[in-house]
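Data block below; observations after.
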Amino acid sequence: MDNYTKNDEVEFIQSLYDDAEEAQKEIYKEQKKNRDELLQIIANIMLTYMIMDNVMNMTKEEYEKEYAKIFKTIIGLCNAEAEVAVTKTTDILKDTVNKTFDFYSYNAEFKDVEDIINKEYKGKHFSSRVWENEQAVAKKLNQQLDDFLKGKINVNQIQKEIKDTYNNSAYEVKRLVETEVNICEDLAFKQFCRETGVKKVTRNEVLDSKTCSKCAPLNGKIFHLEDAPGSIHALCRGFNTIAADDEEITKNDVQVNDNEKITKVKNDKIIVKNNIEKGNIEKEIQNKNINNSKAKNEPETTIEKNNIKKSSNTNKIPKLNETEKWSLDYYTNDGFRELNKTLREGKKLDSTMNTAVKGLDSSLSKLPDYKGKVYRNLDFSFNKKGMDEFLNNHKEGDIVNYVQYTSTSKADDVFGNKFLGKDSIKLSIKSKSGKDISNYSQHKMEEEVLFGRDSKFIVNSIKNDKLGGVLIEMEEL
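Residue numbers for the sequence shown follow full-length UniProt numbering, so the first one is 1 and each next one is one higher.
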C-alpha cells in the first residue's frame, strides 16, 4: 500500500491479531479433541472399577495397569498438540510478516520472512516455548490422573480439574501466539524502514483498551528507528509508525536503547531487558540518577487465606538498588534456567549473566535470612539416568555443594503438588541463610526461598516415598 491513512494502519495492525485469533482455533480444536478423549478414558475407568465414597478404590495391580496406559496416552496427546501448535504458529507468523511487508509495499524475499520468524525472543525460539508448555501440561495431567486413580481426587472433581488444565493451556497458546505476532510485525516494519531510509518513528500504545501502565507513557513518543522499542512484554500490542520529517525526537522523559537495555518512562519505572551489551547496564542505571523512593515491588506483608504471614526474619525491609531488583526479576522470569546451567557446567558467563550474578549476590547479602523448612521438587519423568546420577551424589551423611543458585519454596505443596510421585525426588531442607525473594519474584505464589552460589548442605536421610518417589532431608551448613 503506497498511500495509507493512520486509521488504515491501525486497522491493519488490529487485523493481524484478528487473523491470528481465527487461525488459533485449529490449535484449540486439537486441544478440545484431546481433552474429550482423556475425559472419555476417565469415564471408562469409573465404569470399570469400584468407587467408594466418591473416590476410586483400585488394587495396586489395577492402578499400575491404568496409570501406564494413561501416561502413554497423555504423552502422545501432548506431543500431537505441540506439533499442531508449532505448525500452525509458524503459518500465522509467516502470514503476519508477509502481510506487513505487503501493507508497506516492501518486496521481501523468502529468506527475509524466514529470518524474522526464526528470531529468538529472550533467548528462545517460539517452538521451544511450545514444547516446554506442552511438557508442563503433560506433567500436570499425569499428576491429576495419578491422584484420581489413587483416590485423592473424587470422581466429581476430576472432570473440572482436567478442563481447567486445558483452559490454562489454551490461554498459554493465545499468549505465545499474540506475543510472537507483535514481535514479527515489529521486526518486519523495522526492516522495511531501514531499507527505505526511514529514520524516525512514533510509538502507538493505544490499539485497544488493554494498554498497561508500563506502555502507556510511551504512546505518541518519537524515537530514532534504532532506538525504538519493540515488544515490551508478553501480549504487548504496541507498534511503531513512520514519523513525519518535522517531528522531533522525544527527549528526557523517555529513552529506549536499541538493544532494549533500558526503557525509562516519566515515573522513573525501569524495565531492563535481557539483551544487554557488556558493562552497560550498571553504567546506564548509575547515569539516570534513579529516584529510589519506594518501588512497586518492595516487600510487604503477605496475606494467605485468613492468616497474616509475618516472617521473623522481616523486621527491617532492605533497600535494593535497581541492578539488584532487575537481577531478581531476571532470575525469576526464566533467566534462572540458562544462568544455573552455565554455572553448573563451569562455562563462561556472558555480559547479561555477569550483571545478573553481581546483582543477585549483592541482593542476597542484603535480604534477611529465612530460617525454617523449605522444599524443592525434582521431576525425572523423562530422565531416569539423571535421577540415578542425582541419587549417587546424595548419600546419607554426604556434604553436597551446589555451585549454582538453588530455588526452593516455603510451601510443602510446591506448585500445588504435595509430591510429584513416580520418578521424582523431593528435597526437604532446613534453611539457615536462604533468602525469601517472593516479594521480588515474577511468581509470588511460589513463596520462593533462594540459596546463593556454593551453598553447602548435609544429607540427613533418604526415604522412599509411598508414591514411588524419593524424599531427601537435608540441612544447610
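No residue lacks a Cβ here, since even glycine has one placed at the ideal position from N, Cα and C.
Of the listed residues the options, nearest to residue i (C-alpha basis)
i	options	result
Cys-184	Gly-220, Cys-236, Tyr-166	Cys-236
Asn-219	Ser-409, Lys-435, Thr-241, Asn-167	Thr-241
Thr-211	His-224, Ile-70, Gly-238	Gly-238
Arg-175	Asn-383, Phe-126, Asn-204, Asp-454	Phe-126
residue 485	Ser-455, Leu-39, Ala-80	Because the chain in this structure spans residues 1 to 477, residue 485 falls outside the shown range and cannot be described.
Gly-197	Asn-204, Ser-169, Glu-205, Glu-226	Glu-226
Asn-204	Val-10, Ile-162, Asp-465, Lys-410	Val-10
Asp-423	Glu-447, Glu-389, Ala-411	Glu-389
Asn-168	Thr-179, Leu-149, Ile-158, Ala-136	Ala-136
Phe-71	Lys-88, Ile-51, Ile-42, Thr-96	Ile-42
Thr-179	Ala-216, Thr-89, Asp-350, Glu-161	Thr-89
Check whether residue i and residue j have beta carbons under 7 Å apart
i	j	result
Glu-475	Ile-458	yes
Ser-327	Gly-359	yes
Ile-437	Leu-450	yes
Asp-146	Ile-153	no
Leu-391	Lys-435	no
Asn-133	Glu-172	yes
Asp-164	Gly-230	no
Ala-234	Tyr-28	no
Ala-85	Val-130	yes
Ala-411	Glu-448	no
Lys-366	Pro-318	yes
Met-56	Gly-151	yes
Gln-149	Tyr-67	The identity of residue 149 in the sequence shown is Leu, whereas the question assumes Gln. Result yes, Cβ atoms of Leu-149 and Tyr-67 sit closer than 7 Å.
Close beta carbons around residue i, own chain, < 6 Å, minus the five adjacent residues each side
i	result
Ala-20	Ile-92, Val-177, Val-181
Tyr-4	none
Ile-74	Ala-138, Leu-141, Asn-142
Tyr-104	Phe-192
Ser-362	Glu-324
Tyr-166	Gln-31, Arg-35
Leu-343	Val-403, Gln-404
Val-206	Asn-219
Met-387	Phe-380
Phe-415	The pLDDT assigned to Phe-415 is 40, lower than 50, so where the model puts this residue is not dependable; a value taken from the coordinates is nonetheless given after this. Correct list: empty, nothing qualifies.
Exposure of residue i, with buried meaning 16 or more beta-carbon neighbours within 10 Å
i	result
Phe-189	buried
Asp-379	buried
Asn-44	exposed
Arg-35	buried
Arg-194	exposed
Thr-59	exposed
Leu-477	exposed
Gly-469	buried
Asp-18	exposed
Glu-114	exposed
Thr-352	buried
Ser-441	buried
Ala-82	buried
Gln-144	buried
Phe-101	buried
Asn-7	exposed
Thr-48	exposed
Own chain partners of residue i with C-beta closer than 7 Å, once the 5 adjacent residues on each side are dropped
i	result
Ala-356	Ser-327, Tyr-330, Tyr-331, Gly-335, Leu-339
Lys-432	Asp-369, Lys-371, Glu-476
Asp-112	Gln-191
Same chain, Cβ closer than 8 Å to residue i, five either side skipped, listed in chain order
i	result
Asn-460	Glu-396, Glu-473, Met-474, Glu-475
residue 484	An answer regarding residue 484 cannot be provided, because it is not within the stretch 1 to 477 covered by the chain.
Lys-283	Confidence at Lys-283 is low in this model, with a pLDDT of 40, below 50, so the placement of that residue should be treated as unreliable; the coordinate-derived value is given next. There are no such residues.
Asn-54	Asn-154, Val-155, Asn-156
Contiguous alpha helix (DSSP H) assignments of at least 4 residues, all confined to the UniProt domain "ADP ribosyltransferase" (318-464): 322-330, 336-345, 351-366, 384-392
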